[in-house]
Amino acid sequence: MPELLKAEDLGVSFGGLRALSGVTFGLGAGEIAGLIGPNGAGKTTLFSTLVGLVKPATGRVRLSGQDMTGAAPNRIVRAGMTKTFQNTALFDSMPLIDNIVVPGVVHGSLAEARERAADCLARVGLAHRRRAAVGDLTFPEKALAEIARALATRPKVLLLDEVMAALTPQEMEAVIAQIRDLRAREGISFVIVEHHMRAIMGLCERILVLNFGELIADGTPAEVSRDPLVLSAYLGEDHALH
Amino acid sequence: MKRDLTFILCALAVLAAAGLALDPGGYAMRILCLVFLTAAMAQSWNIMGGLAAQISLGHAAFFGIGAYASTILQVEAGLSPWIGMWIGMVLAVAAAMLLALPTVRLRGHYLALATLAFAEACRVIANSIGITGGPQGISVPYMGNSPAMMQFSQSGGYLPVIGALFALVFGLFALISRSRLGYMLRAIRENEDAAELSGVSAVRVKIAGFAISAALSALCGTVFAQFMYFFDPDSIFSPLSISVRMALVAIIGGLATLSGPLWGAVVLVVLEETARSRFSALPPGVTPLLVGSLLIATVLWRPAGIVSLLPAPGGVRPGWLKWRKRNA
Numbered sequence: 469m470p471e472l473l474k475a476e477d478l479g480v481s482f483g484g485l486r487a488l489s490g491v492t493f494g495l496g497a498g499e500i501a502g503l504i505g506p507n508g509a510g511k512t513t514l515f516s517t518l519v520g521l522v523k524p525a526t527g528r529v530r531l532s533g534q535d536m537t538g539a540a541p542n543r544i545v546r547a548g549m550t551k552t553f554q555n556t557a558l559f560d561s562m563p564l565i566d567n568i569v570v571p572g573v574v575h576g577s578l579a580e581a582r583e584r585a586a587d588c589l590a591r592v593g594l595a596h597r598r599r600a601a602v603g604d605l606t607f608p609e610k611a612l613a614e615i616a617r618a619l620a621t622r623p624k625v626l627l628l629d630e631v632m633a634a635l636t637p638q639e640m641e642a643v644i645a646q647i648r649d650l651r652a653r654e655g656i657s658f659v660i661v662e663h664h665m666r667a668i669m670g671l672c673e674r675i676l677v678l679n680f681g682e683l684i685a686d687g688t689p690a691e692v693s694r695d696p697l698v699l700s701a702y703l704g705e706d707h708a709l710h
Numbered sequence: 007m008k009r010d011l012t013f014i015l016c017a018l019a020v021l022a023a024a025g026l027a028l029d030p031g032g033y034a035m036r037i038l039c040l041v042f043l044t045a046a047m048a049q050s051w052n053i054m055g056g057l058a059a060q061i062s063l064g065h066a067a068f069f070g071i072g073a074y075a076s077t078i079l080q081v082e083a084g085l086s087p088w089i090g091m092w093i094g095m096v097l098a099v100a101a102a103m104l105l106a107l108p109t110v111r112l113r114g115h116y117l118a119l120a121t122l123a124f125a126e127a128c129r130v131i132a133n134s135i136g137i138t139g140g141p142q143g144i145s146v147p148y149m150g151n152s153p154a155m156m157q158f159s160q161s162g163g164y165l166p167v168i169g170a171l172f173a174l175v176f177g178l179f180a181l182i183s184r185s186r187l188g189y190m191l192r193a194i195r196e197n198e199d200a201a202e203l204s205g206v207s208a209v210r211v212k213i214a215g216f217a218i219s220a221a222l223s224a225l226c227g228t229v230f231a232q233f234m235y236f237f238d239p240d241s242i243f244s245p246l247s248i249s250v251r252m253a254l255v256a257i258i259g260g261l262a263t264l265s266g267p268l269w270g271a272v273v274l275v276v277l278e279e280t281a282r283s284r285f286s287a288l289p290p291g292v293t294p295l296l297v298g299s300l301l302i303a304t305v306l307w308r309p310a311g312i313v314s315l316l317p318a319p320g321g322v323r324p325g326w327l328k329w330r331k332r333n334a
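So the protein sequences, as listed, match chains U and Y.
Quick note, the first sequence lines up with residues 469 to 710 if you use the numbering used here.
Quick note, the second sequence lines up with residues 7 to 334 if you use the numbering used here.
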């Protein structure tokens, strides 16, 4: 599979703290990868570094063969990669539909942006809430709205940061079906940070494991769930039995 | 858009009706002109300060550049301010670029401080060079009633000019706030990182916003110079009486709203003038203290500004009625 996203030897430090160290991985077109690890392992920092919100101290980020290291986030988004926010970061004073219009107005007319926004909201099942104020949305709705806004940027690679937190099992199933559908119809690649092991092991064909800022495993769900290093760092011995 | 247009037309109708009813050379006419001029100044600031929440305390720099450019060109070359105002706008846009390039990545208080320092630098420069008249200030040559030189013998003569300025600035604000640029400015206001991850180039959008805001402030500066006839560096580049005043009027009226700066200007100018005439016998400092206290109370009571007291579209009950009901 040709590599769409390539992270090479990424390192990030915050003062004396090494948040990421020597992280290297690639992601193919249409691939769905899970990124797991204990709290503080560096998952969100890795996402922020990939999209340009955090500048790496070492290493490179390539997207479709283009070097994106140190590029402004908006340039990386226009090249085809964006992320959602773990605690959601919607534009609170705008109605839901206007939140999704914003990515569209960067390149197209307002009318095109509105059409695209309505389509993206329908895809995540929020068409009926288009006029709602952000403050009136439930947390799962906000997470879905984040996905809709990310879709409006027409991404090739979408980094989802715990979008399934606080979802009911039914809502989680709906999001998983949506991700599979987007991959099948639009060929979008995903990297998904998630703590719901059942969901992530079922959805992803590949799992990356971070611990103390280092990538300690990269393999299929079956391989990773048997990896002794992963079991001791994150999953625990019980998980190996399943 | 229809609602915005209706508001602007109603405001202009009130201006015209008051203009016909008032004595063209009277005190009330002067206050009316000042209210609409102050509203236009605040609305220019509101493009960046309101729509994008980029708090500038240096808009006096652009305002002063507009005033000086047209006045110096009139004094030195006999050029009409109708032409000088365009040159003032171009110079203000150039100054905005000069300011924006190194500071546009700053957020919050840092941006406010950087812009404040820029206006202060303009004040110091204007005080130390000859062409501006230095600390002695500069006077607009008196030409009597001369519309071609944007000059009128009575305050009432300025009313159509100020009305046109008001319509231009408020009309542009309405257009921008509903345009693609408006969406991007508001996205930056809400969350700059999320805006960037939606593909918005915060740097470019802020520079564009600053340039428009600076150009309109310079235009207000030209009209202000013609209306006042005299100014000096300390007054025209004043952080308090120009920069903070622009922000204050927009905040009191309602940030990022179309009508807010007009309501803010009505309250502030009328309050100041009333306090000045009624309490002139009191010791110095008491009047600003009273006005300041009232403004603090207004902002605490209505953080969203005076516009939050007015009926919202769709017949929603005015905010003050809700407040009364809650406290009944």
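Even for Gly, the Cβ is constructed at its ideal location relative to N, Cα and C.
On the DSSP bridge assignment, give the partners of residue i in chain order.
i: residue 157/Y; result: 152/Y
i: residue 626/U; result: 550/U, 658/U
i: residue 482/U; result: 485/U
i: residue 491/U; result: 478/U
i: residue 500/U; result: 658/U
i: residue 473/U; result: 495/U, 531/U
i: residue 714/U; result: Here chain U comprises residues numbered 469 to 710, so residue 714/U is not present and cannot be evaluated.
i: residue 456/U; result: This structure cannot speak to residue 456/U, because chain U is shown only from 469 to 710.
Does any residue of chain U bring its CB to less than 8 angstroms from the CB of residue i?
i: residue 266/Y; result: no
i: residue 190/Y; result: yes
i: residue 4/Y; result: The first residue shown for chain Y is 7 and the last is 334, placing residue 4/Y beyond what the model contains.
Give every residue of the same chain whose Cβ lies closer than 6 angstroms to the Cβ of residue i, excluding the five residues on either side of it in the sequence, and list them in chain order.
i: residue 640/U; result: 632, 667
i: residue 600/U; result: 564
i: residue 46/Y; result: 171, 172, 175, 226
i: residue 659/U; result: 501, 503, 627
Please work out which residues of its chain come closer than 8 angstroms, Cβ to Cβ, to residue i, disregarding the five sequence neighbours upstream and downstream, and give them in chain order.
i: residue 551/U; result: 515, 516, 518, 519, 618, 626, 627, 628, 629
i: residue 521/U; result: 541
i: residue 634/U; result: 607, 608, 611
i: residue 80/Y; result: 86, 87, 90, 146, 147, 155
i: residue 200/Y; result: 193
i: residue 217/Y; result: 99, 102, 103, 106
i: residue 7/Y; result: 180, 184
Could you tell me whether any Cβ in chain Y is nearer than 8 angstroms to the Cβ of residue i?
i: residue 542/U; result: yes
i: residue 599/U; result: no
i: residue 606/U; result: no
i: residue 513/U; result: no
i: residue 545/U; result: yes
i: residue 492/U; result: no
i: residue 550/U; result: yes
For residue i, which residues in the same chain have their Cβ closer than 7 angstroms to its Cβ, ignoring the five residues on either side in sequence?
i: residue 585/U; result: 565, 568, 569, 572, 620
i: residue 279/Y; result: 37
i: residue 34/Y; result: 28
i: residue 305/Y; result: 257, 258
i: residue 49/Y; result: 175, 176, 179, 267
Cβ of residue i versus every heavy atom of the ligand SAH: is any distance shorter than 7 angstroms?
i: residue 100/Y; result: Ligands in the displayed structure: none, and consequently the ligand SAH is not present.
Would you list, in sequence order, the uninterrupted beta strand (DSSP E) runs of no fewer than 3 residues that lie entirely inside the segment 522-590 of chain U?
List check, beta strand (DSSP E) in window: 526-531, 549-551.
For the segment 197-217 of chain Y, list every residue whose C-beta sits within 9 angstroms of some C-beta in chain U, in sequence order.
Those would be 197, 199, 200, 201, 202, 203, 204, 205, 206, 207, 208, 209, 210, in chain order.
What are the residues in the segment 164-189 of chain Y lying within 7 angstroms of chain U by C-beta distance?
Shown in chain order are the members of the segment 164-189 of chain Y whose Cβ falls below 7 angstroms from a Cβ of chain U: 186, 189.
Output the residue ranges of the beta strand (DSSP E) runs that lie fully inside the segment 635-682 of chain U and measure 3 residues or longer, sorted by chain position.
Every beta strand (DSSP E) stretch that sits fully inside the segment 635-682 of chain U and reaches 3 residues is listed by chain position as 657-661, 674-679.
In chain order, which continuous runs of the alpha helix (DSSP H) of length 4 or greater are located wholly inside the segment 76-159 of chain Y?
Listed in chain order, the complete alpha helix (DSSP H) runs (minimum 4 residues) inside the segment 76-159 of chain Y are 87-109, 115-134.
Quick check on the DSSP output: what are the complete alpha helix (DSSP H) runs of length 4 or more inside the segment 195-255 of chain Y, in order along the chain?
Correct list: 198-202, 208-234, 239-242.
Members of the segment 228-259 of chain Y near chain U, C-beta cut-off 9 angstroms
Cβ contacts with chain U come from no residue of the segment 228-259 of chain Y.
Can you list, in chain order, the residues of the segment 517-540 of chain U whose Cβ is nearer than 9 angstroms to any Cβ on chain Y?
Within the segment 517-540 of chain U, the qualifying residues are 519, 520, 521, 540.
Identify each residue in the segment 552-580 of chain U for which the Cβ-Cβ distance to at least one residue of chain Y is less than 8 angstroms, and report them in chain order.
Going along the segment 552-580 of chain U in chain order, one finds 553, 557, 558, 559, 560, 561, 562, 566, 569, 570, 571, 573, 574, 575, 577, 578 with a Cβ nearer than 8 angstroms to chain Y.
Taking only beta carbons into account, state which residues of the segment 608-629 of chain U come closer than 7 angstroms to chain Y, listed in chain order.
Listed by position along the chain: 617, 621.
Residues within the segment 635-647 of chain U neighbouring chain Y, beta-carbon criterion of under 9 angstroms
Those would be none; no residue qualifies.
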